[in-house]
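The sequence shown begins at 972 in the numbering used here and counts up one residue at a time. Have a look at the structure below, then the notes.
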Amino acid sequence: MRSLLASIKSDVGIAVQVRLIFEIQVCFFVDFLDFLIEQLILNKGRIYRLMSDKRAKVENRLRKERLSEVGADISDLFHGYIEKERLFNRFTSQTSIETLARVVLLKSHKNAYSKLLNILRSLTANFSEDVIEVHHDTAEVIIGLLRGDKTWNSLDVKQKQSILRDEDLVGIIDEGNSEVLSCILTNRAINHIKSGKITFKSSQQFRNMGALIESLPISEEEYTISSGMLNDMLENKLEIAAEPYPEFNFASESEMEDGIKRVYFQHVMDKVVELVKENNPDWFDMHKEVFFETTDYMFELTYDENTFSKLFYEALGFMGRNFRYRDDDRFLPLEYFINRYISEQSLDMEHYFLHNTLLKLTNTNNSLVIIDTKGEISRKKSILTTIHGRYRTVGYTDLRAIFDSLFPAYSSKCKSSDSEAMHIIEILNHVNGFLNANIGVYVGDCHTTSKVAAAMSYLSYHVIAAGRTKIKTVELTKSMKEKIKANLELLNKVGKLLRTDGGYGTIIASKEHIYVNGMNIRAWLDDFGSVILTKIIGEDLQIDDLCNSIETSHRSKRVLRIIERGVTRTKDYNVGIMFKASELLMCIVYIHNIVENRGILKKIGETPMNVHDVILYAPV
972 MRSLLASIKS
982 DVGIAVQVRL
992 IFEIQVCFFV
1002 DFLDFLIEQL
1012 ILNKGRIYRL
1022 MSDKRAKVEN
1032 RLRKERLSEV
1042 GADISDLFHG
1052 YIEKERLFNR
1062 FTSQTSIETL
1072 ARVVLLKSHK
1082 NAYSKLLNIL
1092 RSLTANFSED
1102 VIEVHHDTAE
1112 VIIGLLRGDK
1122 TWNSLDVKQK
1132 QSILRDEDLV
1142 GIIDEGNSEV
1152 LSCILTNRAI
1162 NHIKSGKITF
1172 KSSQQFRNMG
1182 ALIESLPISE
1192 EEYTISSGML
1202 NDMLENKLEI
1212 AAEPYPEFNF
1222 ASESEMEDGI
1232 KRVYFQHVMD
1242 KVVELVKENN
1252 PDWFDMHKEV
1262 FFETTDYMFE
1272 LTYDENTFSK
1282 LFYEALGFMG
1292 RNFRYRDDDR
1302 FLPLEYFINR
1312 YISEQSLDME
1322 HYFLHNTLLK
1332 LTNTNNSLVI
1342 IDTKGEISRK
1352 KSILTTIHGR
1362 YRTVGYTDLR
1372 AIFDSLFPAY
1382 SSKCKSSDSE
1392 AMHIIEILNH
1402 VNGFLNANIG
1412 VYVGDCHTTS
1422 KVAAAMSYLS
1432 YHVIAAGRTK
1442 IKTVELTKSM
1452 KEKIKANLEL
1462 LNKVGKLLRT
1472 DGGYGTIIAS
1482 KEHIYVNGMN
1492 IRAWLDDFGS
1502 VILTKIIGED
1512 LQIDDLCNSI
1522 ETSHRSKRVL
1532 RIIERGVTRT
1542 KDYNVGIMFK
1552 ASELLMCIVY
1562 IHNIVENRGI
1572 LKKIGETPMN
1582 VHDVILYAPV
């Protein structure tokens, strides 16, 4: 919407500008609520990390003080100043060092916790039932204490222990340490928000997913798994179609460049755009439909097919190679076209056409996708940009997937703190739901595979999560199996919901608790996924080479984006478009190499994915 707004002259289309500004503001407020909640969680985590860094030092100081007291008592006992019972009581009735250290650390950060609590009160209107929903008994007690409906002394012993989980700490709080209690309650409340025990009615990421799943209508024809299939899975009879995957013998970068006649980038683009239009007669009509749907018919498409295709592919070349408008005067006329006509939806549609062209030109039969992320540093900073947890850099993560033929399958911007497993449904919705690729397996490193990701991918598209995993094999008990069987409809509702919007998969994967009628169905998904992964662990799928192959694909994408060391040079809301455009350029080069039959297969095995023979930029 921001790009569309930028494409309108200030004195033209006032009504359209007003509508776009209003919709941008609404989206910002919805996103900003989620952003504030995320910042509360992150700041709580930073406080915990600071406390952890000081914990050993505080515990050692307390131990030293206690040893000094014990030494003094032993000396007094030796001289007859005290009785043995006093020394005995010191050893048997004292609070543990760990608990005392926790109290000291909480008191030292009480101001930080107080600030978090005040922000939380403001966000929730003092934990009003009109703003939040509570789905757990302990969380209900905590909210009651924070709201002022309950007092600490009115709680029974069981309730106190469920909150503090430490008998010694219960005694300390009973003595009147209200500031420590406030810190603990704030910490637990934020943890419950993160895990899903407390949800927000007006939030997208922290909404009540259980109510959404329960209210989703579904018929038996829409079931992805039948009772018979579920019984076979729970009895460890799941069959995995492990086809022989291609072997890759990649050459080095210098070998790929040797002996190859180089070709100009524009020649590649001109060749492929004609192939795409030839193999997709409805190319222009589909792009017009996407444009009108994404803009809600607010604008007209003023180009004929030839002009539109020429500008569209010039825009792909501009964005995919990481250029800025001022890098070359030839790019300046593209600014209006990109702002008005280029969107993630239009790029996804072009990906569909490129994939369809590949299928018509070859006998490619992809059976799996390989998933990984590629870190990207950005020059444009935003208040919504977070620091990467491991590398301490400010930027984004390019979430990528490629087919086993190395033809690009997916690309999107995601948070650097997210795992691939959290976004697996977005990938599958694009690959199987949009491209109609019908893949049956996805692979990747251990962070691409989790129990919930395995469950979601199978429930939505019968896709097996075959990536590396470190989970231990799990044997479900009879009662656990019976619970899963009794709630077959709910599992199929989850699958239907995921096919509707991949964003729901990210929300489900990021939570530990999703309640329907008091039952935590998120735990069922873990149990369901563990059945699949237990079967995978017993199979010898030999996926190491596949996992390494995507690194070669990353290298090709870096070559395309080599301008200014590949540092992303656009505004935050356009980063995802830049990533997708680069991915489409890789598709274009791939198809060109197939058509030209340039001998690439002899260089890198069974794939024509090579961008080193393309002259990416020729200055005037």
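Every residue gets a Cβ at the ideal spot worked out from N, C-alpha and C, and that includes glycine.
CB contact check: residue i to chain C, cutoff 9 Å
i, result
"Asp-1275", "Reference to chain C is not applicable here, since this structure consists of a single protein chain."
Residue i, buried or exposed, once every other Cβ within 10 Å from all chains shown has been counted against 16
i, result
"Ser-1173", "exposed"
"Gly-1016", "exposed"
"Ala-1027", "exposed"
"Asp-1241", "exposed"
"Tyr-1432", "buried"
"Glu-1321", "buried"
"Glu-1264", "exposed"
"Tyr-1235", "exposed"
"Glu-1245", "exposed"
"Phe-993", "exposed"
"Ala-1457", "exposed"
"Lys-1208", "exposed"
"Lys-1574", "Reliability fails at Lys-1574, whose pLDDT of 43 lies under 50, so the model's placement of it is uncertain and no value is given."
"His-1326", "buried"
"Asn-1336", "exposed"
"Phe-1098", "buried"
"Asn-1581", "buried"
"Glu-1554", "buried"
Contact belief for residue i with residue j at Cβ below 8 Å, rounded distance in angstroms
i, j, result
"Gly-1476", "Ile-1396", "3 Å"
"Ser-1198", "Leu-1459", "6 Å"
"Val-1546", "Lys-1384", "5 Å"
"Ile-1410", "Ile-1521", "The Cβ separation is near 15 Å, so there is no contact."
"Ile-1155", "His-1163", "In fact, because the Cβ distance is near 12 Å, the residues do not count as touching under 8 Å."
"Ile-1514", "Ala-1437", "6 Å"
"Ile-1341", "Gly-1415", "6 Å"
"Lys-1025", "Leu-1076", "6 Å"
"Leu-1033", "Ala-1072", "6 Å"
"Val-1445", "Val-1412", "Not confirmed; about 21 Å, so no contact."
"Ile-1113", "Ala-1083", "No, Ile-1113 and Ala-1083 are not in contact; Cβ-Cβ is about 19 Å, not under 8 Å."
Endpoints, beta strand (DSSP E) assigned at residue i
i, result
"Gly-1415", "1412-1415"
"Val-1128", "Careful: Val-1128 lies outside any beta strand (DSSP E), inside the alpha helix (DSSP H) at 1128-1135."
"Val-1105", "1103-1105"
"Lys-1384", "1379-1385"
"Thr-1066", "Counting along the chain, Thr-1066 falls outside any beta strand (DSSP E), and DSSP gives it neither H nor E."
Sequence-distant residues of the same chain with beta carbon closer than 7 Å to residue i, five excluded per side
i, result
"Lys-1422", "Ile-1442, Asp-1497, Gly-1500, Ser-1501, Leu-1504"
"Met-1257", "Met-1320"
"Ala-1392", "His-1418, Thr-1419, Thr-1420, Ser-1421, Ala-1424, Ala-1480"
"Glu-945", "Missing from the structure shown is residue 945; the chain here goes from 972 to 1591 and no further."
Delimiting residues of the alpha helix (DSSP H) encompassing residue i
i, result
"Ser-1198", "1198-1205"
"His-1326", "1315-1332"
"Glu-1397", "1395-1399"
"Asp-1298", "Asp-1298 -> no alpha helix (DSSP H), and no H or E assigned at all."
"Ala-1083", "1081-1095"
"Phe-1308", "1305-1312"
"Arg-1118", "1108-1118"
"Lys-1248", "1236-1250"
Contacting residues, own chain, Cβ-Cβ under 6 Å from residue i (five flanking each side not counted)
i, result
"Lys-1131", "Val-1141"
"Ile-1390", "Correcting the residue identity first, residue 1390 is Ser in this sequence and not Ile. These residues qualify, in order along the chain: His-1418."
"Leu-955", "Nothing about residue 955 can be reported from this structure: the residues present for the chain run from 972 to 1591 only."
"Asn-1250", "Thr-1328, Lys-1331"
"Leu-1282", "Phe-1308"
Sequence-distant residues of the same chain with beta carbon closer than 8 Å to residue i, five excluded per side
i, result
"Ile-1184", "Leu-1461, Lys-1464, Val-1465, Leu-1468, Ile-1485, Val-1487, Ile-1492"
"Asp-1319", "His-1401, Phe-1405, Lys-1551"
"Thr-1066", "Asp-1139, Gly-1142, Ile-1143"
Would you list, in sequence order, the uninterrupted alpha helix (DSSP H) runs of no fewer than 4 residues that lie entirely inside the region 1477-1563? Listed in chain order, the complete alpha helix (DSSP H) runs (minimum 4 residues) inside the region 1477-1563 are 1492-1508, 1515-1531.
Identify every run of the beta strand (DSSP E) within the region 1137-1196, keeping only runs that are complete inside it and at least 3 residues long; order them along the chain. The beta strand (DSSP E) runs lying completely inside the region 1137-1196 and spanning 3 residues or more are 1169-1171, given in chain order.
Return the chain-ordered ranges of every alpha helix (DSSP H) run that is complete within the region 1266-1295 and spans a minimum of 4 residues. Counting whole runs of 4 or more residues, the region 1266-1295 contains the alpha helix (DSSP H) stretches 1276-1291.
Could you name each continuous alpha helix (DSSP H) segment of 4 residues or more that falls completely within the region 1454-1478, going from the start of the chain to the end? Counting only runs of at least 4 residues, the region 1454-1478 fully encloses the following alpha helix (DSSP H) elements, listed from N- to C-terminal order: 1459-1471.
What runs of the alpha helix (DSSP H), each 4 residues or longer, lie entirely inside the region 985-1058? As far as the region 985-1058 is concerned, its whole alpha helix (DSSP H) runs of at least 4 residues are 985-1049.
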